[in-house]
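As structure tokens, the structure follows; a few thoughts come after it.
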Amino acid sequence: MLRSMIQTDDNLTLGDIADHAAAHWGARDGLVFEGQRWTFAEFAAEVDRCAKGLIALGIERHEHIALWMTNRPEWLFTMFAAGKIGAVAVPLNTRYRTDDIAYTLAQSESTTLIVNARSGPVDYAAMLAEAMPDLDQGAPGALALSGFPALKRLVVTGTHTLPNALTWDEMIAAGEAVDDASLAARAAAVAVDDVMMIGYTSGTTGHPKGAEITHAAVRNTAERTRLFQMSADDVVVNYLPLFHIYGYSEVAMMSLLTGARQVLMSAFDAEQALDLAEAEGATMLHGFEAHWADLTKAQEARPRTMSFRLGTFPSGTDGAVQVAARAQELFGPTISGWGMTEAWAFVIVSRPEDTEDQRVNASGRPMNGYEIRIVDPETGAEQPVDVPGELYARGYAQMRGYFGKPEATADFMTEDGWLKTGDMVRLRPDGHMVFMGRYKDMLKIGGENVSPAEIEARLAAMDGIREAAVIGVPDARLGEVPAAFIVRDDGASITETDIVEACKGRIASFKIPQHIFFVSALPMTPSGKVRKVELREQARQLASAAE
0 MLRSMIQTDD NLTLGDIADH AAAHWGARDG LVFEGQRWTF AEFAAEVDRC AKGLIALGIE
60 RHEHIALWMT NRPEWLFTMF AAGKIGAVAV PLNTRYRTDD IAYTLAQSES TTLIVNARSG
120 PVDYAAMLAE AMPDLDQGAP GALALSGFPA LKRLVVTGTH TLPNALTWDE MIAAGEAVDD
180 ASLAARAAAV AVDDVMMIGY TSGTTGHPKG AEITHAAVRN TAERTRLFQM SADDVVVNYL
240 PLFHIYGYSE VAMMSLLTGA RQVLMSAFDA EQALDLAEAE GATMLHGFEA HWADLTKAQE
300 ARPRTMSFRL GTFPSGTDGA VQVAARAQEL FGPTISGWGM TEAWAFVIVS RPEDTEDQRV
360 NASGRPMNGY EIRIVDPETG AEQPVDVPGE LYARGYAQMR GYFGKPEATA DFMTEDGWLK
420 TGDMVRLRPD GHMVFMGRYK DMLKIGGENV SPAEIEARLA AMDGIREAAV IGVPDARLGE
480 VPAAFIVRDD GASITETDIV EACKGRIASF KIPQHIFFVS ALPMTPSGKV RKVELREQAR
540 QLASAAE
């Protein structure tokens, strides 16, 4: 077992951070977005305006506020405002579609949803109208939806025609009636062990699960800023989705904790990101394998003059090692690490002073206050150095549990608090951990965890499909993509095009199978389980032949 003995005494809550930044770096630029700039003082003022607006809507402590928005300033203001008044942020994946949003919004028991009406071709307002046919029932602030009994308020940014929805400006205007003393009282009541956010992550049971994370996670993120030697001289381009803990922690929180300027992008585009990095003098970039693969290609095609100091690159597949090595050549040192929604962003991480081999080919060492074990998944015995096993992790910032899912919590977490991650790792002689893959049947698509069971359930519900099995196949850019093996009903003529079209608009685009293979039967074990190991090999061969 590995244990970090040094503890920090950082007791900041999420709601403290904006005021902390304003007090230390008030006049410096804290946020840049599409030509607009906010100093840290102005940022803190916007957080307070949003917090007062939330109070004016009647949001109490511990209420759940769902955010279904692409990256934008309102997302950031709401994130910190919710923490300041003791509410719980529920970030929702912007690639969710009608079925996804209906499930997570209802399961999270969110009382308030803040959404942007449209982003490019994606009409979020239209999807809500489809998911909520009775939205015209009730009144603004007092919705009466049959499928969402907890939901009382809908706030929309941008132009829309949704009934009973408040605009962002209306919410902010309502907050003008809330005085500073009321806001201060709400902020003072927030405790570090209160739930700060519910982060949804897919599981092997099919539906996403919401991990309850407390304000203790701020301490973990703050410690990492010191480890990364961050300061107000740093500038970070943020194209990571804010609904993901990677962007939530490593940029949004870190910027305000250190005075680093955040250059926010609504979505990732490698060319635009590097142009902004050059123009703003960015010193830090972050990303999964897909991000860094695109960034290296863009830099190779058109080199920019960079002020790069350090980047982060979570561990991934064997292909990620090659991308990480190339990133060192083009940009400079990157930090490797491991984390998950249930444990927090990075709980195992390398250090800037580590060798390039350690930062590229391994995943680092535990952070303060975290322990890890590497065990035989069959016996539970701890594995010696260089022998693969399942990673167990435990630490102060890990989830309290899955919201509303005690059985899933018990399956994932031991009675004494160890998280059974399902990841295969090994410990090197130098004390660095190496991520090798997943024991659990989970796909990792461009940094997103995707449950095959969820996709299989969608496919099996289609007319003409008797059975479906989904596995991952390697992809040069995304790490892996979903592939589906389909057994048609007798006499059915459903095609690959039919399946893809039936998925569009109903599930997130990254969940739609990129390869579809029709077979007469699925290979089965004697106990009746699909032999996915066999299917993975078939898929690799078939996908390679097709290419």
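Numbering of the sequence shown is given in numbering that gives the first Met the number 0, commencing with residue 0 and proceeding in unit increments. Don't be surprised by glycine CBs; every beta carbon is placed ideally from N, CA and C.
Helix or strand or just coil, what does DSSP make of residue i?
i, result
"Leu144", "strand"
"Lys296", "helix"
"Pro525", "Because Pro525 sits at a pLDDT of 49, beneath the cut-off of 50, its placement in the model cannot be relied upon, and the point is left open."
"Thr420", "strand"
"Phe32", "strand"
"Met432", "strand"
"Ser548", "Look at the range of the chain in this structure, 0 to 546, and you will see that residue 548 is not part of it."
"Glu108", "coil"
"Tyr102", "helix"
"Arg535", "helix"
"Ile485", "strand"
"Gly403", "coil"
"Asp415", "coil"
"Gln540", "helix"
"Thr158", "coil"
"Arg325", "helix"
"Gly174", "helix"
"Arg476", "coil"
"Ala186", "helix"
"Leu153", "strand"
"Arg465", "strand"
"Ile511", "coil"
"Phe39", "helix"
"Arg437", "strand"
"Met4", "Residue placement at Met4 cannot be trusted, given a pLDDT of 34 that sits under 50; what the coordinates show is reported in the next sentence. Three-state DSSP puts Met4 in coil, outside helix and strand."
"Ile498", "helix"
"Ile454", "helix"
Does the Cβ-Cβ distance between residue i and residue j come in under 7 Å?
i, j, result
"Val424", "Met435", "yes"
"Thr420", "Thr200", "no"
"Ala88", "Leu53", "no"
"Glu31", "Val262", "Per the sequence presented here, residue 31 reads as Val, with Glu not at that position. Cβ atoms of Val31 and Val262: closer than 7 Å."
"Val177", "Lys83", "no"
"Val194", "Thr12", "no"
"Leu142", "Asn163", "yes"
"Val250", "Ala215", "no"
"Asn70", "Ser248", "no"
"Thr311", "Glu277", "no"
"Ala130", "Ala101", "yes"
"Pro376", "Glu355", "no"
"Ala459", "Gln397", "no"
"Leu521", "Val529", "yes"
"Ile444", "Phe484", "no"
"Ala231", "Trp37", "no"
"Ile244", "Ala361", "no"
"Leu91", "Ala65", "yes"
"Ala149", "Thr103", "no"
"Lys208", "Tyr401", "yes"
"Ala324", "Trp291", "no"
"Leu255", "Thr224", "no"
Could you tell me which residues DSSP puts in a beta bridge with residue i?
i, result
"Ile506", "In the DSSP output, where bridge partners are listed per residue, Ile506 has none listed."
"Lys51", "Answer by DSSP bridge pairing: none, since Lys51 is not bridged."
"Val121", "Ser118"
"Leu13", "None, per the DSSP bridge assignment."
"Lys443", "Asn448"
"Ile373", "Leu390"
"Leu309", "Met283"
"Met196", "Ala88, Ile212"
"Pro365", "Ile347"
"Thr166", "Val155"
"Glu381", "Val374"
"Arg530", "None, per the DSSP bridge assignment."
"Gly137", "Leu142"
"Phe516", "Phe484"
"Gly471", "Pro481"
ask   = Can you list the beta strand (DSSP E) stretches of 3 or more residues lying completely in the region 54-95, in chain order?
value = Contiguous beta strand (DSSP E) elements confined to the region 54-95 occur at 63-67, 87-90, taking only those with 3 or more residues.
inquiry  = Closer than 8 Å is the cut-off here; do at least three beta carbon pairs connect the region 328-339 with the region 282-302?
reply    = Using a C-beta cut-off of 8 Å, the region 328-339 makes contact with the region 282-302, since at least three inter-stretch Cβ pairs fall below that distance.
ask   = Are the region 458-465 and the region 376-394 touching by the rule of at least three beta carbon pairs closer than 8 Å?
value = Segments in contact, no.
request  = Could you tell me which uninterrupted alpha helix (DSSP H) segments, each at least 4 residues in length, are contained entirely in the region 202-270, listed from first to last along the chain?
outcome  = Within the region 202-270, complete alpha helix (DSSP H) segments of at least 4 residues are found at 216-226, 253-257, given in chain order.
Those runs of the beta strand (DSSP E) which lie wholly inside the region 337-362 and span at least 3 residues = For the region 337-362, whole beta strand (DSSP E) runs of length 3 or above, ordered along the chain, are 343-348.
message = For the structure I just gave you, are there three or more beta carbon pairs, one from the region 41-49 and one from the region 11-29, closer than 8 Å?
response = With a cut-off of 8 Å, the region 11-29 and the region 41-49 count as touching, because enough Cβ pairs lie within range.
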